[in-house]
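Numbering (my numbering), first residue to last: 2 to 463.
Written out as structure tokens, the structure reads:
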């Protein structure tokens, strides 16, 4: 649920640009309904293969003789997408905090304080250190932190695009950005009692709760807008880059002749951003741990270390934080360069979700479901989910604003294309000679059992 504000702050403006409130609200309803089907398809796979590797392990088990290459590609796309997801969530906190600082000081003689790109990078790094430190606590402590986090949740197009169908397609992106990251439960499944029995439900609960609460939040935020042209008119200059902060400021200023009180209200979504970034590191670190345990990541011995007292993969936590910071370095050159890097979170995760679902459709006759099964509905649900994920992956790479310039260019195709090229090249040149797939297998019984292959092929690399 923490994801709501993180996506709304950066994506609410996109919905307003692409079709206005009508598209904003109805795209949420439609996308939420289809995402529930995606969650059902993924829940069935998670129950059948309850291992922390999640998506890449499912792909290995479903792809037959092509299991190793499928596992390699899905694993790396998912891992890099998860780290980019952490970077994007962390930046949203920095962005909102910067907006609050600007709004709170804009009445000063020298004008509002706006952190420089370098200062934002320092804030970004400090926040990651805090996230990683909290994630080294014991599993019980992290559970309490997650529960506390739950308490914090709550026109005409102006993009140069005029075709109504294209406007509707781009309007879907607001909801698509929000409904992502729900595979986190799969990465924590080995730390869950009776994981094969419970794995599917957390994903579904997350999606359905997000759908309901998010719709209420989205509607209330939209009707609060004082002047919609402030956000849809390209010639109108916003006082801050945070649309949500500006909406709240304008509402308080209109009612009380001063917007300063809105800063107190902004503490709630700011806390939501904090918890979202914190828990995204939790999920990504489990992905890194699982993939490293299967020796698919350089220096895998380091990332598989589990703290004796905490019981969490401490090195993997700090590795994810370091990776997210590296992805944030383009902030020095500006937000456009940074977004080019983190765009792999959107397209990458959609592809990583879609590939095992597609493999499940192909191998459905030999698939042995776990306790959570869709029965005869498995194929139609999986087919709709797969088509939707591939469809949205294409939308994510379409130009969002015309005319296309250096600042408006959608760098997602470049970023995801580069990642795919590197992943495939690494497989062809090296990994195909030593990576034979995950080293774990699953016995679907009353208790989840994870055990190593009896005969383990020789491994090479770092």
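Even glycine gets a Cβ: it sits at the ideal position worked out from N, Cα and C. As the structure is a prediction and not an experimental result, all values here were calculated from the model.
Residue i in three-state terms, based on DSSP
i, result
"residue 372", "coil"
"residue 182", "coil"
"residue 210", "helix"
"residue 287", "helix"
"residue 227", "coil"
"residue 259", "coil"
"residue 296", "coil"
"residue 435", "coil"
"residue 361", "helix"
"residue 31", "helix"
"residue 440", "coil"
"residue 355", "helix"
"residue 325", "helix"
"residue 49", "helix"
"residue 399", "coil"
"residue 203", "helix"
"residue 344", "coil"
"residue 273", "helix"
"residue 253", "helix"
"residue 109", "coil"
"residue 244", "helix"
"residue 335", "coil"
"residue 281", "helix"
"residue 115", "coil"
"residue 392", "helix"
"residue 382", "helix"
"residue 308", "coil"
"residue 39", "helix"
"residue 23", "helix"
"residue 138", "coil"
"residue 268", "helix"
"residue 318", "helix"
Cβ pair residue i, residue j closer than 8 Å
i, j, result
"residue 390", "residue 351", "yes"
"residue 437", "residue 122", "no"
"residue 398", "residue 372", "no"
"residue 357", "residue 80", "no"
"residue 420", "residue 349", "yes"
"residue 318", "residue 137", "yes"
"residue 274", "residue 97", "yes"
"residue 48", "residue 182", "no"
"residue 379", "residue 205", "no"
"residue 393", "residue 177", "yes"
"residue 58", "residue 439", "yes"
"residue 262", "residue 38", "no"
"residue 124", "residue 87", "no"
"residue 335", "residue 118", "yes"
"residue 78", "residue 432", "no"
"residue 284", "residue 314", "no"
"residue 384", "residue 360", "no"
"residue 29", "residue 216", "yes"
"residue 52", "residue 291", "yes"
"residue 382", "residue 84", "no"
"residue 264", "residue 105", "yes"
"residue 55", "residue 288", "yes"
"residue 252", "residue 213", "no"
"residue 208", "residue 36", "yes"
Enclosing alpha helix (DSSP H) for residue i [first to last residue]
i, result
"residue 407", "Note, residue 407: premise wrong, no alpha helix (DSSP H); not H, not E."
"residue 79", "68-106"
"residue 415", "413-430"
"residue 126", "118-135"
"residue 60", "56-63"
"residue 377", "It is not in any alpha helix (DSSP H) - residue 377 carries neither H nor E in the DSSP assignment."
"residue 303", "301-304"
8 Å contact criterion, which residue i and residue j should meet: CB distance rounded
i, j, result
"residue 82", "residue 323", "With 8 Å as the limit, residue 82 and residue 323 do not qualify as a contact, their Cβ atoms being about 17 Å apart."
"residue 91", "residue 128", "5 Å"
"residue 296", "residue 255", "The Cβ separation is near 59 Å, so there is no contact."
"residue 70", "residue 428", "6 Å"
"residue 426", "residue 246", "Wrong, their Cβ atoms sit about 43 Å apart, outside the cutoff."
"residue 249", "residue 266", "6 Å"
"residue 375", "residue 41", "6 Å"
"residue 25", "residue 210", "Between residue 210 and residue 25 the Cβ distance is about 20 Å, and since that is not below 8 Å, they are no contact."
Residue i Cβ short of 7 Å to the ligand SAH heavy atom set
i, result
"residue 276", "As for the ligand SAH, it is missing from this structure, which has no ligand bound."
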